[in-house]
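Remarks on the structure that follows.
Number of protein chains: 2
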Amino acid sequence: MARKSPSGPEPQYLKVKNHLREGIASGRWVPGDLLPSEAELGTQFELSRMTVNRAFRELLQEGMIERVQGVGTFVAQLHRISSTLTVRDVHDEIAERGHQHEARVHSLAAVKASAEQAASFGLKPGVTLFHSLIVHLENGVPIQCEDRLVNPACAPDYLGLDFSQTTPTHYLLEAAPLSEAKYTIEATLPGELEAKLLGIGKREPCLIVKRTTYSRGQAVTAVRLTHPGSRYLLQGSFQA
Amino acid sequence: MARKSPSGPEPQYLKVKNHLREGIASGRWVPGDLLPSEAELGTQFELSRMTVNRAFRELLQEGMIERVQGVGTFVAQLHRISSTLTVRDVHDEIAERGHQHEARVHSLAAVKASAEQAASFGLKPGVTLFHSLIVHLENGVPIQCEDRLVNPACAPDYLGLDFSQTTPTHYLLEAAPLSEAKYTIEATLPGELEAKLLGIGKREPCLIVKRTTYSRGQAVTAVRLTHPGSRYLLQGSFQA
DNA sequence: TAGTGGTCTAGACCACAAA
DNA sequence: TTGTGGTCTAGACCACTAG
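Here is the structure:
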């Protein structure tokens, strides 16, 4: 039978995977086409079916193919462009650009939750939440206004932290293991206070990211990140 | 030895995977902790090592764990919030909301590429590119202005298509298998023509997605999607 | 019935890292 | 040397689909 990887860095299942990827990328197989079966490729490459299966499973996970039990494996219709959008800690983001990060804490206090706020945390109106309002500067220029509510149960010592030294994002990710997040991205005008804190006009468009993160099914924190449209953009890429 | 899945819908490797996920989500293991070895879990669950290995591989792929050969498997540090942002065909998006989609083609012609445009396609200035300008309406309300350049080599018959019936996105994905995409998302004011076509004021913030897609290393199309900030937002979620 | 994918096994050899 | 993960095998049983 086939030899396992001798010492070279390329496992056998990758050979099969690349063979299929190249066939699809080159147009040899187009969306909807039936691909060779696991058994067929196993014979062709002199590999066991499990090894070929792994190549197929990874391609399935990547959305390159579709599989139907009892029928076969097909090239997927690439009608979705999905891309991984990484929302990161501002500090890391700025540091990676080789720039200086500064955080100005404008507010850090306990507040009574409004009905709407409480609802988003799954708590009763009037309960105490922690609130922080921090402006992040890159090389002295304000690029993000971080307006955050925190569930005290998940971070009891939140009010005692020094957020000019560590970011809430960083702290909260350590305090409560992240299990889920929801976000929206939109373009609107800044609030009056936001405009003032960011040093921009009231008519300058802002890119606003709202994000709620959950740990063990419980909402940990809800944040509104306001970025001057002229100074900030999100970017990313996608590899099929 | 262990019994394989008798008929029930839950494979054995999922039992192991869920066991680990729950242990991490519940805080039984925190980031940095050493998890049980494959052999250990194999004994505990009465499974072969390969089956346990599959559970670990999938968790690794999901970013839940980190593995070091010769050392062990650890709970990952969750210091990045990455989320899958799916940029989809507008038509599908609107149809899924149960709404009516209409496309108005305002321009469809061959143009001479400017130096900048040519560069983004890796072509020489002055070559012919195809250009289309289409406004998409949801239930009669303009929500997206699609300003697109297309590489003629990848879609020779682009100018002959009826984009009130099929979207450029849909057509291009079929014409050229997608291999890579780059995008940016930003908030700015609309151009004069865009404001007019979308029926909005010149001072209304817009959410702008710019995207270039590649097929086999060659740029296929570059598009600027302008959305009125008051009528459109991106949303998504992330499961750890 | 024949062919497909979905899962699982009980071994195996290897590279690697720590003691 | 021991234990870890990384890979691979040559079978196996099952569910499902098509002819």
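Protein sequence lines correspond, in order, to chains A and B. Per the numbering used here, the very first residue in the first sequence carries number 1; after that it's consecutive. Per the numbering used here, the very first residue in the second sequence carries number 1001; after that it's consecutive. The beta-carbon is built from N, C-alpha and C at its ideal position, and this holds for glycine as well. The structure presented is a predicted model; accordingly, all values stated were derived computationally and were not measured.
query                                                                                                                                                                                             : result
Using the three-state DSSP reduction, which class does A:Pro-168 fall into: helix, strand or coil?                                                                                                : helix
Can you list, in chain order, the residues of its chain whose CB lies under 7 Å from that of B:Val-1075, leaving out five sequence neighbours each side?                                          : Ile-1024, Trp-1029, Val-1030, Pro-1031, Gly-1032, Asp-1033, Leu-1035, Ile-1065
Looking at C-beta atoms only, is the number of pairs between the segment 187–202 of chain A and the segment 137–145 of chain A that lie closer than 8 Å three or more?                            : yes
Please determine if the segment 1011–1025 of chain B and the segment 152–172 of chain A are in contact, where contact requires at least 3 C-beta pairs separated by less than 8 Å.                : no
Would you mind sorting B:Val-1305 into buried or exposed? The rule is 16 or more other CB atoms within 10 Å of its CB.                                                                            : Absent from the structure is residue 1305 of chain B, since the part of chain B shown begins at 1001 and ends at 1240.
From A:Leu-60 to B:Tyr-1214, what distance separates their C-alpha atoms?                                                                                                                         : 21 Å
In terms of DSSP beta bridges, what is B:Tyr-973 paired with?                                                                                                                                     : Nothing about residue 973 of chain B can be read from this structure; chain B reaches only from 1001 to 1240.
Closer than 7 Å by beta-carbon distance: list the chain A residues that pair up with B:Phe-1238, in chain order.                                                                                  : Glu-180, Ala-181
State whether the segment 198–205 of chain A contacts the segment 220–235 of chain A, with contact taken as three or more CB pairs (one from each stretch) at a distance under 8 Å.               : yes
Give the list of continuous beta strand (DSSP E) stretches no shorter than 3 residues that lie fully inside the segment 1111–1148 of chain B.                                                     : 1128–1138
Please identify the residue among A:Glu-40, A:Ala-103, A:Ser-107, A:Gln-235 whose C-alpha is closest to the C-alpha of A:Leu-159.                                                                 : A:Ser-107
I'd like to check one pair, B:Glu-1040 with B:Arg-1049: are the Cβ atoms closer than 7 Å?                                                                                                         : no
Under 7 Å between C-beta atoms, does B:Pro-1006 make it to chain A?                                                                                                                               : Unreliable placement is indicated for B:Pro-1006, whose pLDDT of 35 sits below 50; no coordinate value is reported for it.
For a contact meaning CB atoms closer than 8 Å, what does B:Gly-1027 contact in chain A?                                                                                                          : Pro-177, Arg-216
Does the beta-carbon of B:His-1101, which I'm using as the reference point, lie nearer than 6 Å to any heavy atom of the ligand SAH?                                                              : For the structure depicted, the ligand SAH is absent and the ligand set is empty, with no information on it obtainable.
Locate the beta strand (DSSP E) running through B:Ile-1065, then write down its first and last residues.                                                                                          : 1065–1068
Helix, strand or coil for A:Gln-235 per DSSP?                                                                                                                                                     : strand
For chain B, check one thing: does any of its Cβ atoms lie closer than 7 Å to the Cβ of A:Gly-229?                                                                                                : yes
So for B:Gly-1072, helix, strand or coil by DSSP?                                                                                                                                                 : strand
Excluding the 5 residues flanking A:Ala-222 on each side, which residues of the same chain have their C-beta closer than 6 Å to its C-beta?                                                       : Ser-120, Leu-149, Thr-212
For B:Ala-1175, which residues in the same chain have their Cβ closer than 7 Å to its Cβ, ignoring the five residues on either side in sequence?                                                  : Cys-1154, Ala-1155
For a contact meaning CB atoms closer than 8 Å, what does B:Cys-1206 contact in chain A?                                                                                                          : Ala-187, Pro-205
Helix, strand or coil for B:Arg-1021 per DSSP?                                                                                                                                                    : helix
Could you work out which residues of chain B lie near A:Ile-143, taking near to mean beta carbons separated by less than 7 Å?                                                                     : In chain order: nothing, as chain B lies at least about 13 Å away.
Taking all protein chains shown into account, do 16 or more other C-beta atoms lie within 10 angstroms of the C-beta of B:Val-1141, making it buried, or fewer, making it exposed?                : exposed
Buried or exposed: A:Thr-128, going by 16 or more other Cβ atoms within 10 Å of its Cβ?                                                                                                           : exposed
Kindly indicate if chain A contains any beta-carbon less than 7 Å away from that of B:Glu-1010.                                                                                                   : no
Please go through the same chain and pick out, in chain order, the residues whose beta-carbon is closer than 7 Å to the beta-carbon of B:Asp-1092, but skip the five residues on each side of it. : none
Report the neighbours of A:Thr-184 on chain B: residues whose CB is nearer than 9 Å to its CB, in chain order.                                                                                    : Leu-1233, Leu-1234, Gln-1235, Gly-1236
What's the gap between the Cα of A:Leu-233 and the Cα of A:Ile-185?                                                                                                                               : 11 Å
How would you call B:Val-1071, buried or exposed, if buried means at least 16 neighbouring beta carbons within 10 angstroms?                                                                      : exposed
Ignore the nearest five residues each way along the sequence and tell me which others in A:Tyr-161's own chain have a CB closer than 7 Å to its CB.                                               : Strictly speaking, residue 161 of chain A in this sequence is Leu, with Tyr absent from that position. So the list reads Tyr-171, once near-sequence residues are dropped.
Taking buried to mean at least 16 other C-beta atoms within 10 Å of its own C-beta, is A:Thr-51 buried or exposed?                                                                                : buried
Near B:Asn-1053, what residues of its chain come up, given a Cβ to Cβ distance below 7 Å and the 5 sequence neighbours on each side ignored?                                                      : Glu-1038
Only counting the same chain, and skipping five residues up and downstream in sequence, which positions put a Cβ closer than 7 Å to that of A:Leu-178?                                            : Thr-213, Ser-215
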